[in-house]
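Scroll down for the structure; my scribbles are underneath it.
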Amino acid sequence: IQPNLFVMAQELSMLDQDIVKDLNVIIAKKVSDPLAVEELSSCESLKEFGIRLYNLVLEKPDVLNDSLSEIACKVASLGPLGPNYQECCADPNLISVLVKSLSNKDTETQKQACRALGNLCYDDEGSIRLKIHESGGTEALYKLLKSFMECKENVSIEQLKIASGFLMNYVLGCEEAVTAFLQDDIVKVLVMLLQDTDDETLVYHILTAVSCINDSDAGQAQLLKYRNEFSSFLGTVFGKKNDPDDVLDSCLELAVKISEDDDGKVSLVIAGACEQLIKKLQSSVSDSSSEINSFVRQACDLIVLVTSGDESMELLFQDGQGPAYLTLRQWLLSRNENLLVAGTLSMGNFARKDKNCEILVKQDVPKYLLSILQNSDGILNDIRLQHAVFSTLRNLAVATSCSNGLIEAGVLDVTIPLASVIKSYPVVFKYIGMIRILCSHKDLACATVGKNEAFIKQIISWANVGDFHGVKEESSRCIAEVMRHSKDSIPEIIKNDGLQPVTEMLTSVHGIMHLEALRALHVVASVPDNSFAKAFLSVDVLKKVLDVVSKPENDVVYNHGLQFLKLLGKYKETKSLLQDESFESLLENCPSALQKDVKHILEELMEN
275 IQPNLFVMAQ ELSMLDQDIV KDLNVIIAKK VSDPLAVEEL SSCESLKEFG
325 IRLYNLVLEK PDVLNDSLSE IACKVASLGP LGPNYQECCA DPNLISVLVK
375 SLSNKDTETQ KQACRALGNL CYDDEGSIRL KIHESGGTEA LYKLLKSFME
425 CKENVSIEQL KIASGFLMNY VLGCEEAVTA FLQDDIVKVL VMLLQDTDDE
475 TLVYHILTAV SCINDSDAGQ AQLLKYRNEF SSFLGTVFGK KNDPDDVLDS
525 CLELAVKISE DDDGKVSLVI AGACEQLIKK LQSSVSDSSS EINSFVRQAC
575 DLIVLVTSGD ESMELLFQDG QGPAYLTLRQ WLLSRNENLL VAGTLSMGNF
625 ARKDKNCEIL VKQDVPKYLL SILQNSDGIL NDIRLQHAVF STLRNLAVAT
675 SCSNGLIEAG VLDVTIPLAS VIKSYPVVFK YIGMIRILCS HKDLACATVG
725 KNEAFIKQII SWANVGDFHG VKEESSRCIA EVMRHSKDSI PEIIKNDGLQ
775 PVTEMLTSVH GIMHLEALRA LHVVASVPDN SFAKAFLSVD VLKKVLDVVS
825 KPENDVVYNH GLQFLKLLGK YKETKSLLQD ESFESLLENC PSALQKDVKH
875 ILEELMEN
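Each residue of the sequence shown is one higher than the last, beginning at 275 in my numbering.
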């Protein structure tokens with residue numbers, strides 16, 4: 275380095291004698307300690323030299339030859355040299371010199387130009403990035419990176435790190451450059467540069483640049499185009515024992531981007547990235563540092579996201595024998611909160627198919643989940659874990675074939691007493707949904723629920739909440755199922771004003787809720803003891819039923835409505851109301867297949 279700098283100094287002496295003197299001081303410092311960048315940057319003579327050199331460039335850009343350009347690159351690459359540094363560097367003449375130096379055949383000049391431009395971009399608070407782009411910097415950098423890709427064996431890691439560092443700083447906040455890079459298929463170049471590299475700095479630079487580039491729709495499309503290559507790379511990184519936090523964070527961010535697409539989720543699984551990440555998590559939880567905890571939390575979120583895809587979930591599950599699935603199931607016993615929540619949510623994702631639910635029940639997953647509710651310290655204060663457990667139990671309950679297994683595992687025995695302590699509405703929504711679905715499948719479940727007065731009062735209270743519509747609907751539907759399948763519970767429900775939310779279901783926009791309400795009301799009306807007739811009057815049930823039947827969702831709803839009206843005709847309390855109603859609209863909206871039955875029912879009503 276030293277002889278070349280002296281030659282440059284001699285050439286520079288023709289322009290300004292004082293600069294040569296200062297440059298000799300700089301050379302001495304550079305040679306004695308090449309790594310003393312901070313010392314050089316704080317050196318007053320260097321600052322003065324830099325400012326004078328920049329002023330010279332601004333005043334006489336035509337006198338700069340390759341050697342002087344190299345001096346400019348070297349000085350600019352050292353970083354801020356004084357208060358006028360940014361102002362001098364923002365001049366198009368100097369930027370043009372630096373951009374042209376990217377294509378210089380001299381490797382040292384290339385490196386210093388990249389470093390200089392990277393520094394300018396890093397400190398840019400104005401328009402330097404745009405000026406670099408307008409000076410051809412985007413095209414020049416792309417060509418340089420592409421040449422590195424094509425002859426990677428002849429390029430040093432230092433060259434790659436410096437060029438990728440420039441790219442990383444450049445694409446952050448320069449949409450024009452990103453657009454141009456995408457047109458040149460920059461992602462292909464970057465993914466090839468990632469192959470077979472162990473250098474952590476290079477990986478971090480490239481992944482950060484990829485993250486910036488892929489913020490746009492076009493960038494996301496290019497990322498997905500090369501998802502298999504990226505997934506393979508991620509599998510390699512996650513399989514290593516030790517990696518810096520910034521590299522792992524960048525890899526996780528890239529994996530999340532890939533997994534936003536279902537095919538991307540599959541790609542991560544096939545490449546082994548998920549399985550390697552799960553293994554890495556297993557070995558990381560013993561470290562309680564905040565950095566590791568942050569990584570574990572983000573990685574767990576990624577695993578749950580991947581299991582949310584249909585095909586990727588099945589690839590991991592493998593009929594209950596997949597290594598990744600078995601490890602996730604083991605996490606249900608973990609003392610680490612993040613692993614526990616991730617394992618629970620993953621089980622819920624596996625439980626989106628009846629066949630899988632049956633396997634999960636056979637493998638005692640419900641018992642593991644109930645143990646979490648019974649044994650976990652602080653479960654009552656851990657809303658995230660509560661939500662995960664009840665979400666998974668709800669998914670398992672959807673499979674009709676699993677109802678017996680869930681009840682035998684003690685799901686109702688463990689969860690019904692928790693009604694009084696669950697406070698979060700999102701958790702209540704999953705909790706009530708689970709119980710409602712079990713009640714819709716099994717009379718035994720309804721009988722168990724209906725006998726618990728405290729639970730009945732709580733669920734009626736939830737059915738009247740105004741802040742969370744989902745809880746209101748689920749609770750009302752649950753009451754309807756209990757009434758329908760457990761007549762013994764009806765007096766308690768009526769006594770606690772539980773009939774009101776059931777009749778309110780008739781005003782819902784969902785046809786299924788109309789049907790569920792009518793079925794429940796039909797059971798109530800068919801009870802021999804007609805003491806419930808007054809309750810029907812208090813909730814204005816007749817008007818709501820007539821509104822539904824006048825505009826039926828389907829024949830089943832229509833028929834159930836008419837059958838209910840027929841039962842009302844048996845009670846003296848409701849008979850007079852029926853006589854005052856006009857049923858012409860019912861006949862007008864009657865499905866042709868039911869007209870004969872409808873006429874018969876209406877005749878009975880009028881006779882009564």
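Note that CB positions come from ideal geometry on N, CA and C, so glycine has one too.
Does the beta-carbon distance from residue 500 to residue 462 come in below 8 Å?
-> yes
Close beta carbons around residue 454, own chain, < 6 Å, minus the five adjacent residues each side = 412
Contact under 8 Å by Cβ, residue 752 with residue 706 | yes
Cβ-Cβ distance between residue 730 and residue 767 below 8 Å = yes
Hey, would you say residue 722 sits closer than 8 Å to residue 692, going by beta carbons?
-> no
Inspect the CB distances between the stretch 742-757 and the stretch 787-803 and report whether three or more fall short of 8 Å.
-> yes
From residue 519 to residue 488, what distance separates their C-alpha atoms?
-> 21 Å
Exposure label - residue 495; buried when at least 16 CB within 10 Å = exposed
Determine the closest residue to residue 451 out of 675, 849, 408, with distance taken between C-alpha atoms.
-> 408
Sequence-distant residues of the same chain with beta carbon closer than 7 Å to residue 704, five excluded per side | 661, 664, 665, 668
Of the residues 676, 552, 608, 712, the one placed nearest residue 645, counting alpha carbons only | 608
CA-to-CA distance, residue 386 to residue 321, given in whole angstroms | Only weak support exists for where residue 321 lies, its pLDDT of 47 falling under 50; the coordinates are left without a value.
Starting from residue 728, trace the alpha helix (DSSP H) both ways and give me its first and last residue.
-> 727-736
Where residue 576 and residue 742 are concerned, what is the direct C-alpha to C-alpha distance, given to the nearest angstrom?
-> 29 Å
Going by other Cβ atoms of all chains shown within 10 Å of its Cβ, with 16 needed for buried, is residue 825 buried or exposed?
-> exposed
Between residue 483 and residue 445, which are expected to be in contact by the criterion C-beta below 8 Å, what is the C-beta distance as a whole number of angstroms?
-> 5 Å
Pair within 8 Å by beta-carbon distance, residue 815 and residue 777 = yes
6 Å CB neighbourhood of residue 583 in its chain, flanking five on each side removed = 536, 539
Spatial neighbours of residue 541 in its chain, beta-carbon cut-off 7 Å, leaving aside the 5 residues before and after = 501, 502, 505, 532
Roughly how many angstroms separate the alpha carbons of residue 431 and residue 410, rounded to a whole number?
-> 25 Å
From what residue to what residue does the alpha helix (DSSP H) around residue 545 run?
-> It is not in any alpha helix (DSSP H) - residue 545 carries neither H nor E in the DSSP assignment.
Can you grab the Cα-Cα spacing for the pair residue 648 / residue 688, in whole Å?
-> 8 Å
Local Cβ density within 10 Å of residue 595, reported as buried at 16 or more and exposed below that = exposed
Three-state secondary structure (DSSP) at residue 599?
-> helix
Beta-carbon separation of residue 420 and residue 473 under 8 Å?
-> no
Taking residue 486 as the reference, which of 471, 830, 448, 517 has the closest Cα?
-> 448
Classify residue 877 as helix, strand or coil using the three-state DSSP reduction.
-> helix
Three-state class that DSSP yields for residue 515 in the structure shown | coil
Thinking C-beta only, is residue 671 closer than 8 Å to residue 733?
-> no
Short check: CB of residue 834 to CB of residue 796, under 8 Å?
-> yes
Distance, residue 552 Cα to residue 597 Cα | 10 Å
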